[in-house]
Amino acid sequence: MSARFLLGIDAGTTIIKSTLFDLEGRELAGAAQNSSLLAPRPGWAEADMDVVWQAVITTVQQTVANANIQPDELLAIGITGQGDGTWLVNKDHRPVRNAILWSDGRTAPFVVACQRAGISSQLFQITGTALNACNQGAQLHWLQENEPATPAQTAAVLRAKDWVFLCMTGVISTDETDASHTYFAAANRAYDERVFQLLGIEGWRHAVPPAPPSAKQIGELLPSVARLLGLKPGTPVLAGPFDVAASALGAGAVTPGDACSVLGTASVHQIVVDMPVMEPADIGYNMCHAPADCYMRLLPAMTCTPNLQWFVDQAFAPELAAARTGGTNIWDHLEAIAGRMPLGANGVMYHPYLDPAGERAPIFAPHARAQFTGLSAHHTREDMLRAVYEGVALSVLDCYRWMSVPVTLLRLAGGGARSPLWGQMLADALGCPVEVAEGTEYGARGAVINAGVAIGVYASYATAVAQTVRPVGKREIVGFDTTWPERNMRKR
């Protein structure tokens, strides 16, 4: 029998990745390319949809070439991508305009108005998700108010993974994970027309596509695309779940009680539950998970690793430049520095609200901004570096404290999962073990797990996780000072 593989594509906010996996979940080959992140105005975030698709083509071609596999050895393709946002296509399946991304803040005034009018609370009672500036429905409202020609040109309203799926298969669709936190009645996993009415976007309803479970959003690779990619026409293509649910799945969070934090561009914290969790009200998301009997209770903070990248760019620029020239790992060096600094960063506190759109979890605060407090003349950049690490950790703690589901084991995904220091901080702050799975491409692994379940490679999601996810690191509670979070929280 010939070797068999699964290909995962992750259309992220800043980077497009393709990764080849064997059926044991091991990453065999991959490629990455920067995406098209545009800022036409302050606080806006858009992407050129054609540039995103070209990046997918390039990374798949490179991955297939690097792996040197035969087309018939690839069993299926799984696609995931950034959630929320608005990706519009016309009747010819061409982009109507640049995609508006989840990190775009232009809808904040509308969201605030909805909160004041009680509309946001009404939406939460239906969807289990608090309205925020990332919400596709809010973005559609903005478009009809500010670009009146756009709705008439639009045949379908998609998200990132759906756009890639359309380009590969010619099929217009989305899945439950993306649609549920925007338009579904949380209790019955189905569209609720009241959502469109409350947001005043009934005119868009015809363009919002069907939303089957992730394992049923399936198509076949078009012959023209197959030739372009060097793959077999008709190869099954699955789209879903979107990146936070896919990363949770790829890190092993698949049964009720499993918790996962994705430490990436955003800081996304989620617990698998067997039914929507509606308390506390007007906070965070409830959304469908890939397994048909599971939901995710989710609180997504706007920024995570960009806080560290920004500070290092500003305060450690010479070291960063030298590391790039010399080919050394600057992050290991900086993490060692931060690890030697005392708990509490000698009194310096950092608020990690770096995104121009402010914050969305645990509360929606569009005017929240990053800041250091507690600084005096004796403090150093090393103190501030430690404070950035701690500020992100306390943001995670903020989110989990607002959830009414206890965390007994936390799994980490995203680029920040590679940081032992953050892992240890989270174990100490949350008072629970923290586990990191083998590999780095958790979103792509979640996408191929979904694809494998869909085509029968794995009997169930639980079986797939048992076969493909292997823990390689675990941080236990070490010297936990129970007053540390409270002392820092009071300073906030």
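The numbering of the sequence shown is the numbering used here, which starts it at 76 and goes up by one.
The C-beta atom is built at its ideal place from N, Cα and C for all residues, glycine as well.
Every value quoted in this text rests on a predicted model; they were computed, and no experiment measured them.
Item: Please return the same chain residues whose Cβ sits closer than 7 Å to the Cβ of residue 385, not counting the five positions on each side in sequence.; Value: 429
Item: Are the beta-carbon atoms belonging to residue 334 and residue 346 less than 7 Å from one another?; Value: yes
Item: Looking at the unbroken alpha helix (DSSP H) that takes in residue 236, where does it start and where does it end?; Value: 235-244
Item: So residue 80 is in the beta strand (DSSP E); what residue range does that whole segment cover?; Value: 80-86
Item: For the stretch 485-498 against the stretch 402-416, do three or more pairs of beta-carbon atoms, one drawn from each stretch, fall closer than 8 Å, so that the two count as touching?; Value: yes
Item: To the nearest whole angstrom, what separates the beta carbons of residue 312 and residue 373, a pair I think is in contact under 8 Å?; Value: About 26 Å; that fails the 8 Å criterion.
Item: Taking residue 262 and residue 351 to be in contact with their CB atoms under 8 Å, please state how far apart those CB atoms are, rounded to whole angstroms.; Value: 6 Å
Item: Apart from the five residues on each side of it in sequence, which residues of its chain come closer than 6 Å, Cβ to Cβ, to residue 255?; Value: 362 and 363
Item: What did DSSP end up calling residue 22 once you bin it into helix, strand or coil?; Value: The chain is shown from 76 up to 567; residue 22 falls before or after that span and cannot be answered.
Item: I'd like to know whether the C-beta atoms of residue 326 and residue 486 end up nearer to each other than 7 Å.; Value: yes
Item: Measure the alpha-carbon distance for residue 200 versus residue 149 and round it to whole angstroms.; Value: 43 Å
Item: Return the CA-CA distance between residue 38 and residue 182, expressed in angstroms with no decimal places.; Value: As displayed, the chain neither begins before 76 nor continues past 567, which places residue 38 out of reach and without an answer.
Item: Whole angstroms are fine: how far does the CA of residue 170 sit from the CA of residue 120?; Value: 16 Å
Item: Near residue 135, which residues of its chain fall below 6 Å by C-beta distance, leaving aside the five closest residues on each side in sequence?; Value: 93 and 304
Item: On the three-state DSSP scale, how would you describe residue 333?; Value: coil
Item: Beta-carbon separation of residue 297 and residue 310 under 7 Å?; Value: no
Item: Give me the residue from 367, 267, 435 and 392 with the minimum Cα distance to residue 178.; Value: 435
Item: Given that a residue counts as buried once 16 or more other Cβ atoms are within 10 Å of its Cβ, and exposed if not, what is residue 415?; Value: exposed
Item: Could you check how far apart the C-beta atoms of residue 105 and residue 523 are, in whole angstroms? I think they sit under 8 Å.; Value: The Cβ separation is near 12 Å, so there is no contact.
Item: Locate the alpha helix (DSSP H) running through residue 446, then write down its first and last residues.; Value: Where residue 446 is concerned, there is no enclosing alpha helix (DSSP H), although the beta strand (DSSP E) it sits in stretches over 446-448.
Item: Are the stretch 381-401 and the stretch 226-237 touching, with three or more C-beta to C-beta distances below 8 Å?; Value: no
Item: Excluding the 5 residues preceding and the 5 following residue 218 in the sequence, name in chain order all residues of the same chain whose CB lies nearer than 6 Å to its CB.; Value: 225
Item: Among the residues of its own chain, which have a CB less than 8 Å from the CB of residue 114, if the five just before and after it don't count?; Value: 120 and 121
Item: Check whether the Cβ of residue 286 sits closer than 6 Å to any heavy atom of the ligand COA, and report yes or no.; Value: The ligand COA is not part of this structure, which contains no ligands at all.
Item: Please state the DSSP three-state secondary structure of residue 354.; Value: coil
Item: Using only the alpha-carbon positions, how far apart do residue 368 and residue 533 sit?; Value: 17 Å
Item: Would you give the residue range spanned by the alpha helix (DSSP H) that residue 430 belongs to?; Value: Looking at the DSSP string, residue 430 is not in any alpha helix (DSSP H), and its letter there is neither H nor E.
Item: Which two residues bound the contiguous alpha helix (DSSP H) that contains residue 369?; Value: That residue, residue 369, is in no alpha helix (DSSP H); it is neither H nor E in DSSP.
Item: Give the DSSP-derived three-state secondary structure of residue 154 in the structure shown.; Value: strand
Item: Can you tell me which of the three DSSP states residue 94 falls into?; Value: strand
Item: Could you tell me which residues DSSP puts in a beta bridge with residue 105?; Value: 94
Item: Going along the chain, which unbroken runs of the alpha helix (DSSP H) with 4 or more residues stay wholly within the stretch 182-260?; Value: 183-191, 194-202, 211-221, 224-228, 235-244 and 251-258
Item: Under a three-way DSSP split, which group does residue 425 fall into?; Value: strand
Item: Here's a check: name, in chain order, each residue in its chain whose Cβ is nearer than 7 Å to the Cβ of residue 539, leaving out the five neighbours to either side.; Value: 524, 527, 528 and 533
Item: Go ahead and pull the three-state DSSP assignment for residue 476.; Value: helix
Item: Beta carbon of residue 132, beta carbon of residue 107: below 7 Å?; Value: no
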